[in-house]
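**Student:** If you're matching positions, the sequence shown starts at 1 in this note's numbering and goes up one per residue.
In this text, a Cβ means the ideal position worked out from N, Cα and C, and glycines have one as well.
Please see the structure below; I have some questions.
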Amino acid sequence: MTEGRERAPELDLELAAVLHALGDPVRLALVRRMAELGESACSPDGLVVPRSTLSNHWRILREAGLTTTRQEGKNRIMALRRAELDARFPGLLAAVLGGP
């Protein structure tokens, strides 16, 4: 690789890590929520999961490269990296989420 060149963001996504992250029902629910709403607070309504467990799920999604995180006041807001995922693995999210 030539020095000074940045890697394309979608190249940091590995299929095994992405599939592992999507393989858990809670993480899949979080991804579905982000796909539908665009982003999600770190403690979304409607999920009955201990806070420490939820933090672990968010960490796995982040480390797999599925999400970005931004700070909004005291809250963290997560968003799905849909464009990068679709560029690297065309059709994967649509298949996993059950839609086009």
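#1: Assuming L22 is part of the beta strand (DSSP E), what are its boundary residues?
#2: Would you report the Cα separation of L85 and L13, rounded to the nearest angstrom?
#3: What is the rounded straight-line gap between the Cα of L30 and the Cα of F89?
#4: Measuring only the C-alpha atoms, how far is M78 from R51?
#5: To the nearest angstrom, how far is it from the Cα of G98 to the Cα of C42?
#6: Exposed or buried, what is L19 when buried is set at 16 or more other beta-carbons lying within 10 Å of its beta-carbon?
#7: From L66 to E36, what does the alpha carbon distance come to, in whole angstroms?
#8: Starting from L47 and walking both ways along the alpha helix (DSSP H), at which residues does that stretch end?
**Tutor:** Let me spell this out:
#1: Here residue 22 corresponds to residue number 22 of the sequence shown, with the count starting at 1. No beta strand (DSSP E) holds L22; the alpha helix (DSSP H) holding it covers L15 to L22.
#2: Position 85 of the sequence shown, counted from the first residue, corresponds to residue 85. Position 13 of the sequence shown, counted from the first residue, corresponds to residue 13. Distance between the alpha carbons of L85 and L13: 8 Å.
#3: In the sequence shown, the residue the question calls residue 30 occupies position 30. In the sequence shown, the residue the question calls residue 89 occupies position 89. Cα-Cα distance, rounded: 19 Å.
#4: Numbered from 1 along the sequence shown, position 78 holds the residue referred to as residue 78. Numbered from 1 along the sequence shown, position 51 holds the residue referred to as residue 51. M78 and R51: Cα-Cα distance of roughly 15 Å.
#5: As a first step, residue 98 must be located in the sequence shown, where it is residue number 98. As a first step, residue 42 must be located in the sequence shown, where it is residue number 42. Near 24 Å, if we compare the C-alpha coordinates of C42 and G98.
#6: On the sequence shown, residue 19 is found 19 positions in, with the first residue counted as 1. The residue is exposed, with fewer than 16 neighbouring Cβ atoms inside 10 Å.
#7: Locating residue 66 in the sequence shown gives position 66, where the first residue counts as 1. Locating residue 36 in the sequence shown gives position 36, where the first residue counts as 1. When rounded, the distance between both Cα atoms is 15 Å.
#8: For the purposes of this step, residue 47 is taken as the residue at position 47 of the sequence shown. It is not in any alpha helix (DSSP H) - L47 carries neither H nor E in the DSSP assignment.
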